[in-house]
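Structure record follows, encoded as structure tokens.
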Amino acid sequence: MPELPEVETVRRGLAPAMEGVVVERADVNRPDLRWPFPERMAERLTGQRVERLRRRSKYILADLSGGETLLIHLGMSGRMTVSGDPLGQFVHHHPMPQKHDHVVFHMANGARITFNDPRRFGAMDLMPTATAEQHKLLAVLGPEPLGNDFNETYLIDTFRGRATPVKTALLDQRIVAGLGNIYVCEALYRARVSPRRKAGQISAGRVGALVPVIRTVLTEAIEAGGSSLRDFRQADGELGYFQHSFDVYGREGQPCRTEGCGAEIRRITQSGRSTFYCAQCQR
DNA sequence: CTTGAAACCTGCATGC
DNA sequence: TGCATGCAGGTTTCAA
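Residue numbers (this note's numbering): 77 to 359.
Following this line, the structure appears as structure tokens:
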């Protein structure tokens with residue numbers, strides 16, 4: 077499910093309940109998600125204070141007082157829920173345990189963080205904070221799309237000579253880390269670039285123009301997530317999933333919203349994923 | 001090297 | 001009602 081904006085929203089929602097707070101207990105209800113949990117994970121978390129919650133791409137990183145960092149990935153269906161926060165920012169009491177509640181963190185401030193993931197494509201791992209960036213899963217990632225290393229020059233250079241469709245290229249986390257199927261479709265629509273176009277075949281000017289569009293699409297989504305954070309505090313405490321208004325994603329057969337267009341949004345399959353676009357506007 | 005397909009797993013909507 | 005099919009916001013691993 078979650079792309080960069082959703083993961084950032086989860087991080088921001090978890091922060092007030094977790095940062096500076098000791099993990100009193102961790103319930104690990106099964107041996108693995110996508111991979112086995114790290115050795116003695118529950119014990120290694122117990123008694124640790126969460127110093128800081130960070131995000132890298134779609135990963136949440138919790139730096140712990142003992143020098144280790146907990147890495148969390150939500151996969152396709154991972155969800156985090158906060159309950160019982162004593163400040164009353166979240167749901168007051170704890171919900172009934174649900175199917176697929178795989179890990180539960182009991183915080184010393186009374187907050188309870190529940191990780192639920194039906195498909196179990198998510199992951200957790202522990203590593204030394206000092207070398208976190210060298211973790212196998214993080215080392216292969218390209219630049220953050222909202223960071224300075226992701227710029228016009230970089231993208232033009234990286235696309236040069238590539239035969240792969242631009243849609244597939246932007247989905248490649250080694251090129252830019254954090255975009256997923258929804259926001260790639262939305263960004264290409266806004267940039268009026270056809271998802272079928274080969275990355276290396278697009279003019280430098282149009283490739284460069286993708287950079288600010290990607291930034292805008294992600295930033296707007298993060299802001300929408302921020303609004304949802306304020307709203308759901310008295311709701312169910314689930315973080316990260318908020319009301320989206322997409323221009324193309326999931327709108328197959330519906331009219332293009334571009335002024336004076338109205339063509340039907342199409343769905344095609346590219347490297348096994350659905351792509352939504354307007355064949356009229358995107359060239 | 002690049003590119004594409006398969007694999008991991010459950011749930012839900014749709015159609016017969 | 002059951003059952004089969006196809007789809008889902010991700011990423012690694014393997015094959016070509």
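We put the CB at the ideal spot given by N, CA and C, even for glycine.
Per the C-alpha coordinates, the member of Gly281, Asn185, Lys134 positioned closest to Glu100 is Asn185. Note on Lys212: under 16 other CB atoms within 10 angstroms of its CB, so exposed under the neighbour-count rule. Under the criterion of beta carbons closer than 8 Å, Gly223 and Thr85 do not qualify as touching, at roughly 18 Å. Bounds of any beta strand (DSSP E) do not take in Asp307; it lies within the alpha helix (DSSP H) bounded by 280 to 307. In the three-state scheme derived from DSSP, where H, G and I count as helix and E and B as strand, Pro114 is classed as coil. With a cutoff of 8 Å on beta-carbon distance, Gln330 and Pro271 are scored as not near each other. Residue pairing by DSSP places Pro204 opposite Glu144 in a beta bridge.
In the DSSP assignment, Pro241 is bridged to Lys274.
When C-alpha distances from Trp111 are compared across Glu82, Leu150, Gly143, Glu127, the shortest belongs to Leu150. As computed with DSSP, Arg250 is found in no beta bridge at all.
Ile136 and Val158 do not touch by the CB rule: their CB atoms are close to 13 Å apart, not below 8 Å.
Rounded to whole angstroms, the separation of the alpha carbons of Lys134 and Val83 is 6 Å. Per DSSP, the unbroken beta strand (DSSP E) holding Val180 starts and ends at 177 to 183.
Ala102: member of the beta strand (DSSP E) spanning 99 to 104, first to last residue. Non-local beta-carbon contacts of Leu264 in its own chain, meaning distances under 6 Å to residues more than five positions away in sequence, involve Pro271 in chain order.
For Thr334, no alpha helix (DSSP H) encloses it, and the DSSP letter there is neither H nor E. If you look at Thr234, you'll find it isn't in any beta strand (DSSP E); it sits in the alpha helix (DSSP H) that goes 228 to 235. The bridge partners DSSP lists for Phe352 are Arg343.
Within 10 angstroms of the beta-carbon of Ala339 lie fewer than 16 other beta-carbons, which makes it exposed. Annotation for Asn257: Arg349 place their beta carbon closer than 6 Å to its own, counting only its chain and skipping 5 residues before and after. Sorting Thr229, Gln124, Arg128 by C-alpha distance to the C-alpha of Phe181 places Gln124 at the top.
Pro221 sits buried, since 16 or more C-beta atoms from the chains shown fall within 10 Å of its C-beta.
For Lys243, the CB contacts under 7 Å within the same chain, skipping 5 residues up- and downstream, are Val260, Leu264, Pro271, Gln346, Thr351 in chain order.
In this chain, the beta strand (DSSP E) harbouring Val158 covers 155 to 159.
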